[in-house]
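Chains as they are written, first to last, in this note's numbering: chain A, 20 to 392; chain B, 1072 to 1331.
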């Protein structure tokens, strides 16, 4: 919004006059927002000993704001407000009543160049360390659980199972079905050139059970459940609920992290099997449209997909589940105390878990190749 | 460092609190006696809640130690610390009730964890604690379904769940209407008299300070250390520190008060 100065307003002027060692600042005109002011006279940026305000018209916050800036630039410690009209003087006194806090204002310089590189590297290293430490804590907490020393509310566990299991069925079904169809489409076009359309069944089957089923499920769960873990634990942190757990002698780690890790470790394999089946059905539908009857598709697929192949994806899903739960809980527990921090924690949780999933999957690919599975 | 006072419930010795390079308060020394209602007071942002967090072990001191009945809490091992913490009851600034549980469940959970009582007895206890803070009938409400003041009171009920020796309350009166605030003061005095608990309260509500406190520490933002310690009713007129007198008289000097 633009404030047009009133018709009758004079443009604001500030003029310094020096009379020996005595400085006078003459303020005149209407100091209103949107008007252009002119500053003149010797000794700009020094604080005057006295003000002359005989020709000062109306003013709004612009004048005290300008005075405060002049004062800050001059570095004057005991400013004189001599000659200012009573209302303006009152505002200035109010603004100057509590001295500026020096530590709060002097922010350190933005790091750049090599320093920035160094800081970033140590920060990256520290975050890797915190992931490793958290993973270690999870293992020891799990061990404590199995000797009966770690406890959490079973209702928390079942609630998480429900949220990350049954709640995820529709979205996992949709994505898997489409992925199965896409694989069959792309595969069919290539294989048809060799007259080997039937082998689309092998392609869809192997791709789903080894890679795509578990991968898509894990990515959906990172976005859905990992983010929810980070947001939930992060807002508990912001609301001091985690402090409250600690001061009642609860182990907040056992209490918050364990039920979530267990729930995902239980549900990820089940969801992966579900995703595999739906994906193969999607492929079967496309193959049927291309002239391969479902029964033939099914038999052909079974020649490629045996129990070993099918169990690879399920095996990986357990590790992916742990990775998703750990990154969600870690980012939630480490988040700061504000709502913005909760948002950042959620973002970091999703990024960390998807990265972890891809890295783990690459590692598994190498291991399985070496083992010739 | 001075030795802790054996007769004191809590002794704070040479405590320095800091975040990174920023020193919040340095060299705090004070004693809380049994059955005291001890108030931590000071301007906004001076580190009152931070001091409370140090006293309950959520933050580690940069220097100095905190003693409970002469035993060093700061240097205790974590298993040892749990023994101290079980005797604390803490109410946080916003209540900090566990949002996924009802008010009654919030109070039952610590009791379930630390006692062998039967579910029926635990439920009765939870109802009783809620009734004490005027919330009977709200057992099955979730924290988000009741007002901020009710959350605070439920937070106090939860702090009392295990009949603690020492109750820490972080700004219990802030945001309450004058009547609820007065009822809260009465509740604190009653609990002290009938249960014999010691209270450590962070507050800057003068009316409530004079009504309940018999001991206090004043944290001075400008000098970054304690301004005074003692009964606020005495400090009000006789403290040697002007900031403390100004604080306790809402910025009026003694002369101002006499002239009005």
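Positions of the beta carbon are idealized from the N, C-alpha and C atoms, including for glycine.
- The beta carbon of residue 1201 of chain B sits closer than 8 Å to those of 1174, 1175, 1178, 1207, 1209, 1210, 1225, 1228, all from its chain and outside the five residues before and after it, given in chain order.
- Under the three-state reduction of DSSP, residue 1284 of chain B is assigned to coil, being neither helix nor strand.
- Under the Cβ criterion of 7 Å, residue 1122 of chain B is not counted among the residues facing chain A.
- For residue 1134 of chain B, the beta-bridge partners assigned by DSSP are B/1087.
- Taken atom to atom, the span from the alpha-carbon of residue 37 of chain A to that of residue 99 of chain A is near 16 Å.
- Partner residues in the beta bridge of residue 1082 of chain B, as assigned by DSSP, are B/1102, B/1138.
- Taking every protein chain shown into account, the CB of residue 1148 of chain B has fewer than 16 other CB atoms within 10 angstroms, so this residue is exposed.
- Of all residues in the region 1139 to 1166 of chain B, the ones placed with a Cβ closer than 8 Å to any Cβ belonging to chain A are 1153, 1156, 1157, 1159, 1161, 1163, 1164, 1165, in chain order.
- Taking the C-beta atoms as reference points, residue 42 of chain A is found nearer than 7 Å to residue 68 of chain A.
- Bridge pairing for residue 1297 of chain B: B/1290 [DSSP].
- Taking residue 1086 of chain B as the centre and dropping the five residues before and after it, the same chain places the C-beta of 1099, 1132, 1135 closer than 6 Å to its C-beta, in chain order.
- Between the region 184 to 203 of chain A and the region 298 to 307 of chain A, the count of C-beta pairs closer than 8 Å reaches three or more; the two stretches touch.
- Interface annotation, residue 109 of chain A: not in contact with chain B, CB-CB separation never under 7 Å.
- Relative to residue 96 of chain A, the option among A/115, A/250, A/387 whose CA is nearest is A/115.
- The shortest CA-to-CA distance from residue 255 of chain A to any of B/1166, B/1127, B/1080 is the one to B/1166.
- Residue 59 of chain A and residue 35 of chain A have their C-alpha atoms some 6 Å from each other.
- Under the Cβ criterion of 7 Å, residue 267 of chain A is counted among the residues facing chain B.
- Interface criterion not met: the Cβ of residue 156 of chain A is under 7 Å from no Cβ in chain B.
- Classified as exposed, residue 131 of chain A has fewer than 16 neighbouring CB atoms from the shown chains inside 10 Å of its CB.
- Boundaries of the alpha helix (DSSP H) around residue 1221 of chain B: 1219 to 1230.
- The alpha carbon of residue 1270 of chain B has as its nearest neighbour, out of B/1276, B/1198, B/1262, the alpha carbon of B/1262.
- Taking a cut-off of 8 Å for Cβ pairs, the region 1284 to 1298 of chain B and the region 1103 to 1114 of chain B touch, as three or more such pairs fall below it.
- Residue contact with chain A for residue 1181 of chain B: present (Cβ-Cβ distance below 7 Å to some residue of chain A).
- In the three-state reduction of the DSSP assignment, residue 242 of chain A falls in the helix class, which pools H, G and I.
- Residue environment analysis places residue 1303 of chain B among the buried positions, since at least 16 neighbouring C-beta atoms fall within 10 angstroms of its C-beta.
- In terms of CA proximity to residue 1198 of chain B, B/1212 leads the group B/1212, B/1155, B/1250.
- In the structure shown, residue 1275 of chain B adopts coil according to DSSP, grouped into three states.
- Judged by their CB atoms, residue 216 of chain A and residue 210 of chain A are nearer to each other than the 7 Å cut-off.
- Between the alpha carbons of residue 1194 of chain B and residue 363 of chain A lies a gap of roughly 39 Å.
- For residue 43 of chain A, the enclosing beta strand (DSSP E) stretches over residues 41 to 50.
- Apart from the 5 residues on each side of it in sequence, residue 73 of chain A has no Cβ closer than 7 Å to any other Cβ in its chain.
- Identification of chain A residues near residue 1184 of chain B by a Cβ-Cβ cut-off of 9 Å yields 170, 267, 268, 269, ordered along the chain.
- The Cβ atoms of residue 183 of chain A and residue 276 of chain A lie no closer than 7 Å to each other.
- In the displayed model, residue 34 of chain A falls within a strand according to three-state DSSP.
- Here residue 1137 of chain B is not near residue 1095 of chain B, since their CB atoms are 7 Å or more apart.
- Cβ neighbours of residue 346 of chain A within its own chain (closer than 7 Å, five residues either side excluded): 245, 368, 371, 372, 375.
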